[in-house]
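Asks: Residue numbers (our numbering), protein chains in the order written: chain A, 436 to 743; chain B, 351 to 586.
Idealized CB from N, CA, C, for every residue including glycine.
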Amino acid sequence: MLSLKGVTKRYGDTVAADDVSFTAERGQVLGLLGQNGAGKTTILSIMTGYLAPTAGTVTVDGHDMLAEPRQARRQLGYLPEVPPLYDEMTVRAALGFACELKMVVRADIPAHVAEIAAQTGLGDMLPRRIGNLSKGYRQRVGLAQALCGDPELLVLDEPTSGLDPRQTAEFRDTLAQLAKGRTVVFSSHILSEVQALCDRVIILHHGRIVCDSGLKRLQSGGGTRLRADILGEDKALLPALRGLPGVQRVTRLPSPGKGQLSVLLECGEAPVQPALFTLLTGMNAPLMRLQPVENTLEEIFLRVTSEG
Amino acid sequence: MRAIFKRELQAYFYTAHAYVFMGVFLMLGSVFFAVGNLASLSGDYPAFLWNMSYLWMLLTPVLTMHAYAGERKARTDQLLFTSPVSLTGVVLGKYLAACAVLLLTVALSLVYLLVVALYGRVYPGETLCCYLGFVLMGCAFLALDMYISARARTPVTAAVWAFGVNLLLWLTDVLSGAVNNKLAASALGFISPYMRYAPFQLGQLSYANILYFLAATALLLFLTVRALDARRWREA
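This is the structure in structure tokens:
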């Protein structure tokens, strides 16, 4: 559905995007993560044709954004970080205008506007002037504009930025509904949001992709992490655990109680549980708890951005 | 293009821009008419339109300052420039909407002509010719100021630059009579929209002058498209 190949954007000596390449398949929800200034907005602006890349190509459904902009943009709905809203217009007029821009057949516009308003929770707001709306509703109008013309690709730049927690939760629910059957690319620096909505995560740092992976794979880190609480002496247990086949790293955690050892075992793909049970039985060290631990997105994000 | 035209035209009337433009135009027009025609009992309508033509220089920035610079500042241009509408469509839609406000304003000024017709004599051919030049010059100023708006970052800078450049064009008329160098004088005369408008005021329908205004307008609209396209390549 969407393909970026070697996209680079330079402003003088500053490189805002450096050789960025990825594809997004139909129906995929892709989160673009990065610190402020990592190049997220630049990439999204290039993806939507608002900016032209210094080098590289963007294609949407096989149409090159520079060579065939009309065909490419027909497939695209874009909600920038600041929603592009005309304050003097009513919500109905703004959505009608967006439909006309997206070449929706004139006779179909009223029904299309009503449908989008219902999807985005704007049904009662249609006669209201945009300038009088709250931040949350303005964001919804921005999203509704992006949905005009029923685009297959939705590009959202920090869509919940500036919303209060309740508005954020409501907006996320709406997004989750709208994402069904569409390709969605959205940028955020709110990790829980990406975790809640995305199938795949791309982490940008200084304009470069430093991580591109499915969320589940990213969280498992390509192996297994286990927390084990063991009753026994740490002096004997720690070297034994480190020598266990399949265990790559053992990290000591704060002890949960007197005479107990708590450790984080970072293992490969192969299960280590049978060998662990055998070892502890042999050492007469009862296992009090064994719990799989997922990589949090925060940990992954901090790791890859500090490495970058 | 049609959608842009409709939205822009509505926006002019939903906001104060069209009212300021029309209000100041008619207010100053009334002063010119009262002083130049009523007080002196003169039916010289071309002279009235000549005075009115200086108002384009002052007022066209009001219609153009928000066209691109305002959209850029409010970031609403992101909706237009990521939609399937071509840049040419955007530019023409916006330009024609501004022209529509200008034409409506000119239509309202016909009330002065009605007064002259009631109490004096109107020469239809001469008046039509004057109005043609008057409108062509106004539309050319709009195209120039639209281009300046496309280059500016904020509406205020767009308005100040537009007014400055408009004033400079008026000065070309003054300077062409003041410089000693023949080549410089003829170059300034060639550029000056006021010298191009002067024959219309005398009732002379010159194709060269019509072509001058039309070509200048087309060139400036083309440059506006290019300026907007160039922004995509260098915008930070």
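For the putative contact between residue 526 of chain A and residue 561 of chain A, defined by C-beta atoms under 8 Å, what is the C-beta separation to the nearest angstrom?
Replies: Against the first sequence, residue 526 of chain A aligns to sequence position 91. Against the first sequence, residue 561 of chain A aligns to sequence position 126. Rounded, the Cβ-Cβ distance is 5 Å, consistent with contact.
Asks: Compute the Euclidean distance between the alpha carbons of residue 562 of chain B and residue 546 of chain B, then round it to the nearest angstrom.
Replies: As a first step, residue 562 of chain B must be located in the second sequence, where it is residue number 212. As a first step, residue 546 of chain B must be located in the second sequence, where it is residue number 196. Roughly 8 Å between the two C-alpha positions.
Asks: Quick one: is residue 427 of chain B near chain A, going by C-beta distance under 9 Å?
Replies: To locate residue 427 of chain B, count along the second sequence from 1; it is residue 77. Cβ-Cβ to chain A under 9 Å: yes for residue 427 of chain B.
Asks: Just the chain A side, please: which residues come within less than 7 Å of residue 357 of chain B by C-beta, in chain order?
Replies: Position 7 of the second sequence, counting from 1, holds the residue named residue 357 of chain B. Those are 532, listed as they occur along chain A.
Asks: Which residue marks the beginning of the beta strand (DSSP E) containing residue 664 of chain A, and which one marks its end?
Replies: For the purposes of this step, residue 664 of chain A is taken as residue 229 along the first sequence, with counting starting at 1. Taken as a continuous stretch (DSSP letters only), the beta strand (DSSP E) holding residue 664 of chain A covers 659-666.
Asks: Using a threshold of 8 Å, is the CB atom of residue 735 of chain A nearer than that to any non-hydrogen atom of the ligand MG?
Replies: The model depicted lacks the ligand MG and carries no ligand whatsoever.
Asks: Quick one: grab the DSSP three-state call for residue 526 of chain B.
Replies: Counting from 1 along the second sequence, the entry for residue 526 of chain B is found at position 176. If DSSP states are grouped into helix, strand and coil, residue 526 of chain B belongs with the helices.
Asks: Just verifying my parser: in three-state terms, what is the DSSP assignment at residue 724 of chain A?
Replies: Against the first sequence, residue 724 of chain A aligns to sequence position 289. Residue 724 of chain A: strand per DSSP, three-state reduction.
Asks: Give me the subset of the segment 470-501 of chain A whose CB atoms are less than 7 Å from a CB atom of chain B, sorted by chain position.
Replies: 483, 484, 485, 486 and 487
Asks: With three or more beta-carbon pairs closer than 8 Å as the criterion, would you say the segment 448-465 of chain B touches the segment 499-514 of chain B?
Replies: no
Asks: For the segment 452-478 of chain B, which segments carrying the alpha helix (DSSP H) assignment without a break, of at least 4 residues, lie completely within its bounds, in sequence order?
Replies: Counting whole runs of 4 or more residues, the segment 452-478 of chain B contains the alpha helix (DSSP H) stretches 460-469.
Asks: Using only CA atoms, which one of A:465, A:582, A:675 and A:504 lies nearest to residue 554 of chain A?
Replies: Taking the first residue of the first sequence as 1, we reach residue 554 of chain A at position 119. Among A:465, A:582, A:675 and A:504, the Cα nearest to that of residue 554 of chain A is on A:582.
Asks: Would you kindly check if the distance between the Cβ of residue 662 of chain A and the Cβ of residue 727 of chain A is under 9 Å?
Replies: Stepping through the first sequence from its first residue, residue 727 of chain A is reached at position 292. Stepping through the first sequence from its first residue, residue 662 of chain A is reached at position 227. Yes. Within cutoff.
Asks: List the endpoints of the continuous alpha helix (DSSP H) containing residue 628 of chain A.
Replies: The residue you call residue 628 of chain A lines up with position 193 of the first sequence. Residues 626-632.
Asks: Tell me whether residue 358 of chain B is buried or exposed, calling it buried when 16 or more other Cβ atoms sit within 10 Å of its Cβ.
Replies: Taking the first residue of the second sequence as position 1, residue 358 of chain B is located at position 8. It counts as buried.
Asks: Using the Cα positions of residue 476 of chain B and residue 406 of chain B, report the straight-line distance between them to the nearest angstrom.
Replies: As a working note, residue 476 of chain B is residue 126 in the second sequence. As a working note, residue 406 of chain B is residue 56 in the second sequence. Cα to Cα, residue 476 of chain B sits roughly 21 Å from residue 406 of chain B.
Asks: Excluding the 5 residues flanking residue 579 of chain B on each side, which residues of the same chain have their C-beta closer than 7 Å to its C-beta?
Replies: In the second sequence, residue 579 of chain B corresponds to position 229, counting from 1. 437.
Asks: Which residues in chain A sit within 7 Å of residue 491 of chain B, going by Cβ to Cβ distance?
Replies: Here residue 491 of chain B refers to the residue found at position 141 when the second sequence is read from its first residue. For residue 491 of chain B, there are no C-beta contacts with chain A under 7 Å, since the nearest C-beta of that chain is about 25 Å from it.
Asks: Applying the 10 Å Cβ sphere with the 16-neighbour rule, what's the burial state of residue 712 of chain A?
Replies: Within the first sequence, residue 712 of chain A is the residue found at index 277, counting from 1. Result: exposed.
Asks: Please report the straight-line C-alpha distance between residue 397 of chain B and residue 518 of chain B, rounded to a whole angstrom.
Replies: Sequence index remark: in the second sequence, residue 397 of chain B carries index 47 (1-based). Sequence index remark: in the second sequence, residue 518 of chain B carries index 168 (1-based). When rounded, the distance between both Cα atoms is 22 Å.
Asks: What residues match up with residue 648 of chain A in a beta bridge as DSSP calls it?
Replies: Locating residue 648 of chain A in the first sequence gives position 213, where the first residue counts as 1. BP columns for residue 648 of chain A point to A:636.
Asks: Find the residues of chain A that neighbour residue 433 of chain B, judging by a C-beta separation of less than 7 Å, and give them in chain order.
Replies: One-based indexing of the second sequence puts residue 433 of chain B at position 83. Chain-ordered, the chain A residues with CB closer than 7 Å to the CB of residue 433 of chain B read 508, 536 and 537.
Asks: Take the Cβ of residue 529 of chain A as the centre, count every other Cβ of all protein chains shown within 10 Å, and call the residue buried at 16 or more, exposed below.
Replies: As a first step, residue 529 of chain A must be located in the first sequence, where it is residue number 94. Per the 10 Å Cβ criterion, buried.
Asks: Are residue 564 of chain A and residue 538 of chain A touching if we call contact CB-CB under 9 Å?
Replies: To locate residue 564 of chain A, count along the first sequence from 1; it is residue 129. To locate residue 538 of chain A, count along the first sequence from 1; it is residue 103. Contact: no.
Asks: Enumerate in chain order the residues of its own chain whose CB-to-CB distance from residue 733 of chain A is below 8 Å, with the five nearest sequence positions on each side excluded.
Replies: Stepping through the first sequence from its first residue, residue 733 of chain A is reached at position 298. Cβ within range, chain order: 626.
Asks: Have a look at the DSSP bridge pairing and note the partners of residue 436 of chain B.
Replies: Along the second sequence, one-based indexing puts residue 436 of chain B at 86. Its beta-bridge partners do not exist; DSSP assigns none.
Asks: Where does residue 513 of chain A sit, in a helix, a strand or coil, going by DSSP?
Replies: In the first sequence, residue 513 of chain A corresponds to position 78, counting from 1. The answer is strand: DSSP assigns residue 513 of chain A an E or B state.
Asks: Have a look at A:669, A:710 and A:667 and flag the residue whose alpha-carbon is nearest the alpha-carbon of residue 680 of chain A.
Replies: One-based indexing of the first sequence puts residue 680 of chain A at position 245. With distances taken between CA atoms, residue 680 of chain A lies nearest to A:710 out of A:669, A:710 and A:667.
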